[in-house]
Structures are given as C-alpha cells and as structure tokens.
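K.L.:
In order, the protein sequence lines correspond to chains A and B. Note that our numbering numbers the first sequence so that position 282 is 282, with each residue one more than the last. Note that our numbering numbers the second sequence so that position 279 is 279, with each residue one more than the last. All residues carry an ideal CB built from backbone N, CA and C; glycine is no exception.
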Amino acid sequence: MRIRVLVLSVSLLLVACGGRDVSRTMNQNKGSDTLVNVAQSWAEHYRDKNPDVVVAVSGGGSGTGISALINGTVDIANASREMKPREIELARKNGVEPVLHVVGYDALAVYVHKDNPVESMTLAGLAEIYGEGGTTTRWSQLGLEVPGCGSDEIVRVSRQNSSGTFAYFRSAVLGRNRDYKMGSNDMHGSKDVVDLVEHTPCAIGYSGLAYATPAVKMVPLRREEGAEAVLPSVSTALDGSYPIARPLLMYTRGQPEGAVKAYLDWILSDEGQAIIAEKGYAPVGTLGR
Amino acid sequence: MFEKTALNVRNQRTQNLVRTLFLLMTVLLILPVLVILGVLVAKGGSMLSWEFLFGEPTNGMTAGGIFPALIGTVWLVAVALLASVPLGIAAAIYLSEYAPDNAFTRVINLAIINLAGVPSIVHALFGVGAFVLFFNFGVSILAASLTLAIMTLPVVIVATRESLQAVPQAFREACWNMGATRWQTIWKVVLPNAVSGILTGVILEVSRTAGETAPIMFTGAAFFLPLLPQSVNDPTMAMSLHLYVISTQVPGIPEALPYGVALVLILMVLCMNSVSIAFRMYLRGRKKW
C-alpha cells in the first residue's frame, strides 16, 4: 500500500512538472567547437539583455551542429565550415532550408612549443609536414634544432575528423584532394591541441587563434616562398594578409523569425560583435571596418 | 606438544606468504580510491562554497557556480531510475521466478549480457535515433534519461536476479506448501529477503548514471544553459558533461575549478547513495538468516 502511494505521488509530481512554462522561449544552439565559447558568452550576456529568452548552447563539432539542423533538433547551428551540397540537399529533403549568417572571422594559428626556434613557414612546407606523402618528418629537415626535443621527430597534433577546423586546415593547407598523413595525435577540442603543444617540445599543431596562450608560440606563415611572413591576428585575418583565416557561420532553419531573429540581430550588433572580438576572433559589421 | 616437522614449517611459511600477498593486493585496490579522493580534496576543496554550489556559471564559465549542472544531474538520475528500476526488477523477477529454462530465456539472458557490454557512445547514438528523433522527444531530459536507463538496465536486472536467487529455495517451498500462490510467495517472502541486494544494484546504477557523459552529450545535456529545467522536455546542464567541457573546451579555466566540480560530483553520488546504503544496513540488521 505504502509503495503504491509513493509511486502515485511521484508520477503526479512528474505530470505536474510536465506543464511547460509558456513565458520562456528556448533557442537551441549547437555545433562548432571553435565557436562554442563565443556562443556560450553570447548566451550568457544575452540573458542580461533579455531574461525571457534562454539560449541552450552545445558543442560537438560543426558536423554535429549541421546534422542537428538537418534533423530539426536545433534552431541555430554553429559551423566553422560551409555546409556541403549533400548536407543542404538532405536538409531540404527534411523540409529545412538552411540560411547562412556570417558572425565573425577566425584565423587558424599554427602552434609550436615556446622553445622552438622556427621563424616562419610556408603553406607548402606545412603541407609536407601534415599531408599524405609529405617527406618532412624531422625538425632537422627544416634546419632547426629544437631544445628539449631529443628525438628530432615532428609530433603532429591534429583534430578529430568531425571538426570544422580539421576540414578547413585540410582545404586551406593540404588542398581539397590531399589527405592527412597517418599517425597524428587527433585531439577532440581546440584547447587540447594548444595544451598538448605547450607540454611537448617536438610538437606542432593547429587551432583557432582565440586559443593562443603565452605558453605556446605562433608561427608566422608565408603564402608562398618569398612572400611576407604574417602573424595571425584579428587585423591580419580581416585584411586577408594572413593565409588561413575563415568566416565563422551560424545556420538557421529558413529566414530567422521571432526570438531567433532577435538573437541573431543582437549577435551582429556592435554589442554582440564586441564579445566575439574579446574572445580573439575578428568581428564583422561596423566593428570590423 | 609436538615438534614442528620440516613440512609443517614450510606449510606455515607458505600460509603467511600468501596471506601477506593477498593483503597487499587488497591495499593496492583501495589505493587508487584514496589517491583520487585525496587529490580532489587537496586541489578542489578550496572551491567548495555556498556561491559555488548554488550559483550560476559566469564569465565564460570560468567563474561562478555549478547549480544548473547539479540540479540537472539530479533530474537525469531521478528520471532514469524511475524508468529503469521498475522495468529491471520486473524483468529480473520473471527471469528468476517464472522463466522456464528454454531457448527463449537463454536468448534473453544473452541479450542482457550483450546490452551490458555495449559501449556507452553506442547507447548515445541509439538514444539520438530512438528517443530524440523517432519518438520526437527532442534534445531533452526525457531522451537523455531513457538512454541512461537502457544503458543501466543490465546492472539492475543482474543485481536483482542474483539477489532473488540468493534467497534459499526452501523459503519458497515452505510458502508453496502453505498454499500460497507464486505471486504471494514472491511478494511476501522472496522480495523482502532480496531487497538489500536489489538496493546494491540501484546504488551501482546511480553512480554510473551520474557519471556518464557520452549518452547524455547528444540526447539532453547542454554545454551552457543557466536556467534550471522546468520539465522533462527541457535540455539541461549536467555535472559530468560540465566537467568534460571545462577541462577540454574552455580556455582560461582556473586550475581548481575542474577538481572542485569532480569533488562535488563524487559527494553528490555519495549523498544519493547513502540513503540507500542506510536503508540497506537497516534491512540487513533485520535479516534472520
């Protein structure tokens, strides 16, 4: 008897909790690990602005966000790459018309240990390190002697293949049809790459500029041999002189309306763009110019 | 008294050696637990405060509290228990008390063992396909908890079945001889004698449910969502995912923060379990055989 009463009251409680509060609107926002910290910061600040709207932010990678958009489980997908034609087709088949919004720019920095004496690299040189069939496997081949790296071997730090950063680095540095060399350390977060490089004298890695810390060194890059070496920064990403910078995107289901539109408008306003700039990315709109 | 023969002495020596060896192994077994707890308390103990437990994460999740994640985990565990405990106990009662030993029963047992061996990330994908998309629960506590429930069902079933089978057959036979039906025997005699074993299963389940990250990552847990869930249809933050996120994805996290979160997670599980542990001790005290 006592157990029956308990079961009954628990189920009643659940039903009572099941009534949705209509005054609260929730925006579901998921995707790119590159964007996730900015998205979190936007969500946090937007609450002060508009307490009735809650933004739920999740990471998982650009691919995760895009497939959630295709399946209709999110309102906004964050992506650090554009949707592939196949993905757009899939979305349309599900009755979702993805609409792209550029919310900022990201420069992909190449990180090495802070004791590494390297002065600059070319994109072709990077491709020889990371690309399939590339012949550069030792620091001495680049004429470098790296303190603390007794083995002389270049430890390549890369990303998991659902990451937009993984896909972008490949298309920008290796070329669309070239694969990564096997045997790299594939990390599951932008921050992990920088952490590993910080503690590994032999390492080289790529990650968003926003993840830079004083404990690692960023390598200035040359578009080709003889070109000027450019350090990644917000300004070099925006003026196009840094060779690996890309737009950061948000996809909505159709033209945004209501709470989603208000949120996106706020993100693109000076207030929202000041937040992305503070996180180390390049803003768009009036702040960017 | 008699003189010790060479054989006696040798036997005695072996005896002591084996005992010391096994004692050492037992100590080795508890060593990791002590070290983990010690490190967590030493490094994260300073984080524990009223604001940490009952505040919202602020400043890009590098400061503030963990209350939304704490409450989220309570919701996830509670709903998962509500779903899996009745189901698991019912299945175990059938398997132990009613099921004939035939091919069908053996297939069921095999399925349960296999279910226990499925990696949690596969459960996560199943949860996305079944609960989030097919049943259209969306990314929600309900979807995440049901995924967790399915993952932990084997724990409940196996623990319950074992404890039912530990009840001496003579108890049942005595009951049947008094003219009781099978159900009366189970309800009045077998179950009351098996409760403490069933509770052990529930304790194991609570710990596993609270600690799992993969199954909830895609089905119901958010990277950042400062408001408390109002119903099982809402997504939520969770302690395990929060710990994963702040230790791998967010730059600039103070070193003590992840340790503090881990410490609170362990204390939480301990609190939830201590209720059933106390109840179990009370029941064991009443046991007459």
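1) Give the residues of chain A in contact with residue 225(B), contact being defined as C-beta atoms less than 9 Å apart.
2) Should residue 30(A) be labelled buried (16 or more other beta-carbon atoms within 10 Å of its own) or exposed?
3) With 9 Å as the limit, tell me which residues of the stretch 185-196 of chain A have their beta carbon closer than that to any beta carbon of chain B; keep them in chain order.
4) Count Cβ pairs between the stretch 180-196 of chain B and the stretch 207-224 of chain B that sit closer than 8 Å; are there 3 or more?
5) Answer yes or no: does any C-beta atom of chain A fall closer than 9 Å to that of residue 248(B)?
6) Run the CB neighbour count on residue 249(B), radius 10 Å, all protein chains shown included, and call it buried at 16 or more, exposed below.
7) From the DSSP output, read off the bridge partner residues of residue 111(A).
8) Counting only C-beta atoms, is residue 20(B) closer than 9 Å to chain A at any point?
9) Indicate whether the contact test is met: 3 or more Cβ pairs, each with one atom in the stretch 182-190 of chain B and one in the stretch 211-218 of chain B, closer than 8 Å.
10) Could you tell me whether the stretch 160-169 of chain A touches the stretch 183-194 of chain A, where touching means 3 or more Cβ pairs closer than 8 Å?
11) Below 8 Å on the Cβ atoms is my contact criterion, and I expect residue 132(B) with residue 139(B) to pass it. Report the Cβ-Cβ distance as a whole number of Å.
12) Suppose the cutoff is 6 Å on Cβ atoms and the five residues either side in sequence are ignored; what does the same chain contact list for residue 244(B) look like?
13) Can you name the residues of chain A whose CB is closer than 7 Å to the CB of residue 138(B)?
14) So, are the CB atoms of residue 208(A) and residue 77(A) less than 9 Å apart?
15) What are the boundary residues of the alpha helix (DSSP H) that residue 186(A) is part of?
16) Taking CB distances under 9 Å as the criterion, tell me whether residue 106(A) reaches chain B.
17) Just tell me which of 201(B), 97(B) and 233(B) has its CA closest to the CA of residue 181(B).
18) Cβ closer than 7 Å: which chain A residues qualify as neighbours of residue 235(B)?
19) For residue 58(B), decide whether its Cβ has a neighbour in chain A, counting only Cβ atoms nearer than 9 Å.
20) Hey, out of 99(B), 259(B) and 177(B), whose CA is closest to residue 46(B)'s CA?
21) Which word fits residue 121(A), buried or exposed, when buried means at least 16 other C-beta atoms lie within 10 angstroms of its C-beta?
22) For residue 282(A), does the three-state DSSP call read helix, strand or coil?
23) Is residue 271(B) buried or exposed, if buried means 16 or more other CB atoms sit within 10 Å of its CB?
24) Beta-carbon of residue 136(A) versus every beta-carbon of chain B: anything under 9 Å?
25) Identify the contact partners of residue 133(B) in chain A, using a Cβ-Cβ distance below 7 Å as the criterion.
26) How long is the line joining the alpha carbons of residue 293(B) and residue 25(B), rounded to whole angstroms?
27) Would you call the stretch 246-256 of chain A and the stretch 78-88 of chain A touching, i.e. three or more CB-CB distances under 8 Å?
28) What first and last residue would you give for the alpha helix (DSSP H) that runs through residue 65(A)?
29) For the stretch 200-227 of chain A, which residues have a beta carbon sitting closer than 8 Å to at least one beta carbon of chain B?
30) Using 8 Å as the threshold, is the stretch 29-49 of chain A in touch with the stretch 58-72 of chain B, meaning 3 or more CB pairs across them?
31) Would you give the residue range spanned by the beta strand (DSSP E) that residue 251(A) belongs to?
32) Is residue 103(A) close to chain B, meaning its C-beta is less than 9 Å from at least one C-beta of that chain?
33) DSSP puts residue 98(A) in a beta bridge; with which residues?
34) In the structure shown, what three-state DSSP assignment does residue 54(A) receive?
35) Counting only runs of 4+ residues fully inside the stretch 4-60 of chain B, write out the alpha helix (DSSP H) ranges in chain order.
36) Can you check whether the C-beta of residue 36(A) is within less than 9 Å of a C-beta belonging to chain B?
P.N.:
So, from the listed chains and residues:
1) By one-based count along the second sequence, residue 225(B) stands at place 225. Ordered by position in chain A, the residues that pass the 9 Å Cβ test against residue 225(B) are 26, 43, 54, 55, 56, 57 and 58.
2) What you label residue 30(A) is simply residue 30 of the first sequence in a count that begins at 1. Its Cβ being crowded by 16 or more others within 10 Å, residue 30(A) is buried.
3) Under the 9 Å Cβ criterion, the stretch 185-196 of chain A contributes 187, 188, 189, 190, 191, 192, 194 and 195.
4) In this structure the stretch 180-196 of chain B does not lie against the stretch 207-224 of chain B, because fewer than three pairs of beta carbons, one per stretch, are closer than 8 Å.
5) For the purposes of this step, residue 248(B) is identified with residue 248 of the second sequence, where counting begins at 1. With 9 Å as the cut-off, residue 248(B) counts as an interface residue toward chain A.
6) As a working mapping, residue 249(B) is identified with position 249 in the second sequence. So residue 249(B) ends up on the buried side.
7) Here residue 111(A) refers to the residue found at position 111 of the first sequence. Its beta-bridge partners are 205(A) and 218(A).
8) Within the second sequence, numbered from 1, the residue matching residue 20(B) stands at position 20. No, residue 20(B) lies away from the interface with chain A (no Cβ there is under 9 Å from its Cβ).
9) No: fewer than three Cβ pairs fall under 8 Å.
10) Segments in contact, yes.
11) Here residue 132(B) refers to the residue found at position 132 of the second sequence. Here residue 139(B) refers to the residue found at position 139 of the second sequence. Contact holds; Cβ gap of about 6 Å.
12) In the second sequence, counting from the first residue as 1, residue 244(B) sits at position 244. Once the five neighbours on either side are set aside, the close Cβ partners of residue 244(B) are 213.
13) Along the second sequence, read from residue 1 onward, the residue named residue 138(B) stands at position 138. Within chain A, the residues 73 have their CB atoms less than 7 Å from the CB of residue 138(B), given in chain order.
14) In the first sequence, counting from the first residue as 1, residue 208(A) sits at position 208. In the first sequence, counting from the first residue as 1, residue 77(A) sits at position 77. No, they are not a contact pair.
15) Translated into positions along the first sequence, residue 186(A) becomes position 186. Taken as a continuous stretch (DSSP letters only), residue 186(A) belongs to no alpha helix (DSSP H), being part of the beta strand (DSSP E) at 185-187.
16) Within the first sequence, numbered from 1, the residue matching residue 106(A) stands at position 106. Residue 106(A) does not count as touching chain B.
17) Counting from 1 along the second sequence, the entry for residue 181(B) is found at position 181. Nearest option by C-alpha distance: 97(B).
18) One-based indexing of the second sequence puts residue 235(B) at position 235. Among the residues of chain A, those whose CB is under 7 Å from the CB of residue 235(B) are 56, following chain order.
19) As a first step, residue 58(B) is located in the second sequence; it is residue number 58 there, counting from the start. Taking Cβ atoms only, chain A reaches closer than 9 Å to residue 58(B), which makes this a yes.
20) Position 46 of the second sequence holds residue 46(B). When only C-alpha atoms are compared, the closest one is 259(B).
21) Reading the first sequence from its first residue, position 121 is the one you call residue 121(A). When all chains shown are included, residue 121(A) counts as buried.
22) Looking up residue 282(A) in the first sequence gives position 282. Strand at residue 282(A).
23) If you number the second sequence from 1, residue 271(B) lands on position 271. Result: exposed.
24) By 1-based counting over the first sequence, the position of residue 136(A) is 136. With respect to chain B, the C-beta atom of residue 136(A) has no partner C-beta closer than 9 Å.
25) Position 133 of the second sequence, counted from the first residue, corresponds to residue 133(B). Near residue 133(B) (Cβ distances below 7 Å), the residues of chain A are 71.
26) Look at the range of chain B in this structure, 1 to 289, and you will see that residue 293(B) is not part of it.
27) With a cut-off of 8 Å on Cβ pairs, the stretch 246-256 of chain A is in contact with the stretch 78-88 of chain A, counting three or more such pairs.
28) The residue you call residue 65(A) lines up with position 65 of the first sequence. First-last of the alpha helix (DSSP H) with residue 65(A): 62-70.
29) Taking 8 Å as the Cβ-Cβ cut-off against chain B, the residues of the stretch 200-227 of chain A that qualify are 210, 211 and 213.
30) Because the criterion of three Cβ pairs below 8 Å is met, the stretch 29-49 of chain A and the stretch 58-72 of chain B touch.
31) Looking up residue 251(A) in the first sequence gives position 251. In this chain, the beta strand (DSSP E) harbouring residue 251(A) covers 245-253.
32) Numbered from its first residue, the first sequence carries residue 103(A) at position 103. Cβ-Cβ to chain B under 9 Å: no for residue 103(A).
33) By one-based count along the first sequence, residue 98(A) stands at place 98. Looking at the DSSP assignment, residue 98(A) forms a beta bridge with 253(A).
34) Counting from one through the first sequence, the residue named residue 54(A) turns up at place 54. Assigned with DSSP and collapsed to three states, residue 54(A) falls in strand.
35) Runs found: 6-44 and 50-54.
36) The count along the first sequence starts at 1 and reaches residue 36(A) at position 36. Residue 36(A) counts as touching chain B.
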